[in-house]
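Worksheet for the structure shown next.
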Amino acid sequence: MLEKALTGGKIYWGWLSLLLVLMAVGGLCYWQQLTQGLTITGMSRDVSWGFYIAQFTFLVGVAASAVMLVIPKYLHHYQKFGKILILGEFNAVAMVILCLLFIVADLGSPQRLMNVILHPTPNSILFWDMVVLNGYLFINILVGWVTLQAERKEVAPPNWIKFFIYLSIPWAVSIHTVTAFLYAGLPGRGYWLTAVLAARFLASAFAAGPAFLILVTYIAKIFTKFDPGKDVLAVLGKTVVYAMSVNIFLFLCEVFTVTYSQIPSHMAHLQYLFFGYHGHGVLVPWMWTAMIMGLSGILILLVPKNRKSDNMLIIGCILVFIGAWIDKGLGMIGGGFVPNPLHEVTEYVPTALELGVSLGIYATGFLVLTVMYKVAIGVKQEVEA
Amino acid sequence: MNTNRRSLLKFAGLAVLGWSVKPALTVFAAGGAGPREAILFASRHGAPTGEKALKAGRWAMVIDTSKMTPEIQKKCIEVCHKTHNVPSIPTKQEIKWLWTAQFSDVFAEQSHPYLEKLTKRPTLTLCNHCDNPPCVRVCPTKATFQREDGIVMMDFHRCIGCRYCMAACPYGSRSFNFQDPRPFIENIDMEFPTRTKGVVEKCEFCAERLAEGHLPACVEVSEGAMAFGDLDDPGSDVRKLLGARYSIRRKPELGTEPCVYYLI
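Okay, structure coming up:
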């Protein structure tokens, strides 16, 4: 089926070439990092994780969102999702690849990467994160490919694949739960030390992920004749608005516990993120933007009429997606490290080279995504024709 | 014929099972550098057993804040950083093994505004060599491990530079080599290795000096403001001091059980 990726119009090849150029730029930036070390980043002794790990944390959520299509389709037999299910699964593949690339980019000694497997350490959550991420990648490649092949041959998917489809449901939950556990079990980091973190991660994932899927489906609709139908996207929009509401609710639970208990080491981080701390506050405008975008996204998508209107659905999804990205892709990690355990404030801003590496990684992920979507939509159109 | 094939299959099956289980058993029994490094537990290693080596059941450090002057602190930091080739990098990507911070920041939970003499006083901070170290728990490669005598050590050659230990340490006691440290070391001491870019490092209670029968370098130059010894030995200096004077530890509420004690 891969041959479908080799035929395409000018726009397709132009887009792929642009991605390749961006990948080359990212590669050059990464070369700088390999030779000079992570000193090219804005990270420091106090803020020892930055943009890379934040992107990984956010993208795990976008990857986990496939489950929001698998559950309705296979547990509730909502057949309409069958049309875009493959897009959700291939999206998961591309996003997990992005996650893995971001983790590798963050390593100080990537040449020793295999030590994680050579010296397996089950007491480290990072070990389990490696297990669940790679497992999820494998499951989604397998399920996506086998069901698509069956679709092309116009036969029912083989029965054995059902096992992996059902397995993908708890597995999707596990990837974001384990990623939350990376943070939620650390003593002395008040912003992360909360049992609600895994739940909040899942809620924001099930908002940002489907929002992203809706947006990419619209893009696919513009460039190909692929159309899953208005209801499908409107129903998916409902998932987005419910999940985002739960996300905001869980965040407010967190705000209550922290501010009503008045424990300084827990309050300091929220203060830093939303009001600034001892005169430092690079993230303050970002966090308020995220709040406003998230809330207005909810307000727009709550109205059923808006979910049926293409433009309103797109605007709502953009607001939710960017809101969730700022919250996890900037605030979650930066805010957790500031102030440091000695109550000192060292702020973090990513450098141009760091953003260059990230751009290259994103381009790689989008290349994988484009090629897989090309194949999937190509097969669908071949069957329809 | 059928019986034969069956028994052959049985034999082959058992053999395959055996081959696949055996290496796993080895891993479960001893995952890496030491025989006690079992896969299911945070790794612990034995300490050197040479004749000259100083031995203890549980090493601990006591810092007497009343005897500790800024001059002594400066000497301690200098000798530590010199002996261990700690580079002086002037940016926020610096490396620190032993340094000072304000008392009220080191002991935020245990200070109040009326401890006027204490709160502004510079206080020595270092790795606490916790009994229950979070950094060892999170390390995905066992590059951070604990010896049976309590010292939390770093294997610079196994560290992949993920910096999870830095996120886990509630005392900010770890540094990362964002860049090659060698250009930032004034005089390299050939007795101790320098590090490479991309690995984490920290104070190791001078494990290399203990192995040769010497006390930690900072304790030696501290003019009696620091003591070092075995918590398991009731007759040791540290036990005597802790029995006689009031002492505090950093963030005791976290349950990490730091083994650096501060006499007040």
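So the sequence lines, in the order shown, correspond to chains C and P.
Mapping of the first sequence onto the numbering used here: residues 3 to 387, in sequence order.
Mapping of the second sequence onto the numbering used here: residues 88 to 351, in sequence order.
Even for Gly, the Cβ is constructed at its ideal location relative to N, Cα and C.
Quick caveat: nothing in here was measured; it's all calculated off a predicted structure.
Is C/A7 close to chain P? Criterion is C-beta to C-beta, closer than 8 Å.
It does not: the Cβ of C/A7 has no partner Cβ on chain P nearer than 8 Å.
Should the segment 63 to 72 of chain C be regarded as contacting the segment 165 to 180 of chain C, the criterion being three or more beta carbon pairs within less than 8 Å?
Contact between the segment 63 to 72 of chain C and the segment 165 to 180 of chain C is present, because at least three Cβ pairs lie under 8 Å.
If you draw a straight line from the alpha carbon of C/L355 to that of C/W33, how long is it in whole angstroms?
Between C/L355 and C/W33, the C-alpha separation is close to 10 Å.
So P/V287 and P/S260 are supposed to be a Cβ contact under 8 Å. How far apart are they, rounded?
Actually they do not touch by this definition, with Cβ atoms about 11 Å apart.
So with Cβ pairs under 8 Å, would you call P/F265 a contact of chain C?
True, the Cβ-Cβ gap to chain C drops below 8 Å.
I want to verify the contact list: residues of chain C whose CB lies under 9 Å from the CB of P/G237, in sequence order.
Within 9 Å Cβ-Cβ: nothing; P/G237 doesn't reach chain C, min ~18 Å.
Output the boundary residues of the beta strand (DSSP E) element that contains P/R234.
Looking at the DSSP string, the run of the beta strand (DSSP E) that includes P/R234 is T231 to R234.
Taking the straight line between their C-alpha atoms, what separation do you get for C/T181 and C/D229?
Going from the Cα of C/T181 to the Cα of C/D229 covers about 34 Å.
Can you name the residues of chain C whose CB is closer than 8 Å to the CB of P/M241?
Those within 8 Å of P/M241 in chain C number zero; the least Cβ separation is about 13 Å.
What is the residue span of the alpha helix (DSSP H) that C/I141 lies within?
Per DSSP, C/I141 belongs to the alpha helix (DSSP H) from I127 to K155.
Whole angstroms are fine: how far does the CA of C/P122 sit from the CA of P/V225?
Each residue's Cα considered, the two are about 12 Å apart.
Helix, strand or coil: which one does DSSP assign to C/W17?
The answer is helix: DSSP assigns C/W17 an H, G or I state.
Among the candidates C/V351, C/P112, C/A378 and C/F58, whose CA atom is the shortest distance from the CA of C/T149?
Checking every option, the nearest Cα to that of C/T149 belongs to C/A378.
Report yes or no: do the segment 187 to 202 of chain C and the segment 219 to 228 of chain C share at least 3 C-beta pairs separated by less than 8 Å?
In short, these stretches do not touch, since the Cβ pair count stays below three.
Are the CB atoms of P/L213 and P/W184 within a distance shorter than 8 Å?
Yes, Cβ-Cβ distance for P/W184 and P/L213 is below 8 Å.
I'd like the list of long-range same chain contacts for P/S372, defined as Cβ closer than 8 Å, with 5 residues on each side in sequence excluded.
Absent from the model: residue 372 of chain P. The displayed extent of chain P is 88 to 351, so no value can be given.
Going along chain P in order, which residues have a C-beta closer than 7 Å to the C-beta of C/R154?
Result: empty, since nearest Cβ-Cβ is about 36 Å, beyond 7 Å.
For C/W194, which of helix, strand or coil comes out of DSSP?
Coil, per DSSP.
Do P/C70 and P/S309 have their CB atoms nearer than 8 Å?
With chain P represented from 88 up to 351, any question about residue 70 of chain P goes unanswered, as that position is not in the structure.
Pick helix, strand or coil for C/Y274, following the three-state DSSP scheme.
It is helical.
Hey, how far is the Cα of P/Q238 from the Cα of P/G316?
Note on residue identity: the sequence assigns Ile, not Gln, to residue 238 of chain P. For P/I238 and P/G316, the distance between alpha carbons rounds to 12 Å.
Along the segment 125 to 138 of chain C, where does the CB come closer than 8 Å to a CB of chain P? Name the residues.
Against chain P - using a Cβ distance shorter than 8 Å - the residues of the segment 125 to 138 of chain C are N125, S126, I127, L128, F129 and M132.
Tell me the DSSP secondary structure of C/E346 in three-state form.
C/E346 falls in the coil class under three-state DSSP.
For C/A186, write down the residues that DSSP places opposite it in a beta bridge.
Looking at the DSSP assignment, C/A186 forms no beta bridge with any residue, so it has no partner.
Any beta-carbon of chain P closer than 8 Å to the one on C/Q383?
False, the Cβ-Cβ gap to chain P never drops below 8 Å.
Determine the chain C residues that contact P/V193 at a beta-carbon separation under 9 Å, and present them in chain order.
In chain order: L344.
Which of the residues in the segment 24 to 41 of chain C, read from start to end, lie with their CB under 7 Å from any CB of chain P?
The segment 24 to 41 of chain C vs chain P, Cβ under 7 Å: Q38, G39, L40 and T41.
Enumerated in chain order, which unbroken segments of the beta strand (DSSP E) with a length of 3 residues or greater are wholly contained in the segment 159 to 204 of chain P?
Complete beta strand (DSSP E) runs here, min 3: 186 to 189.
In chain C, what lies closer than 8 Å to P/S262 by C-beta?
Within 8 Å Cβ-Cβ: R47.
Taking C-alpha atoms, which residue in C/Y193, C/F253, C/V322 and C/V198 lies nearest to C/T241?
Taking only the C-alpha atoms, the option nearest C/T241 is C/V322.
Give the range of the beta strand (DSSP E) segment to which C/Y262 is assigned.
Where C/Y262 is concerned, there is no enclosing beta strand (DSSP E), although the alpha helix (DSSP H) it sits in stretches over K232 to S263.
Counting only runs that start and end within the segment 48 to 97 of chain C, where is the alpha helix (DSSP H) found for 4 or more residues in a row?
Counting whole runs of 4 or more residues, the segment 48 to 97 of chain C contains the alpha helix (DSSP H) stretches 53 to 66 and 69 to 72.
What is the DSSP secondary structure of C/H268, counted as helix, strand or coil?
Looking at C/H268 - three-state DSSP - the assignment turns out to be helix.
Helix, strand or coil for C/G296 per DSSP?
Helix at C/G296.
Can you find a CB in chain C that lies within less than 8 Å of the CB of P/K426?
The structure shown has nothing for residue 426 of chain P, since chain P only spans 88 to 351.
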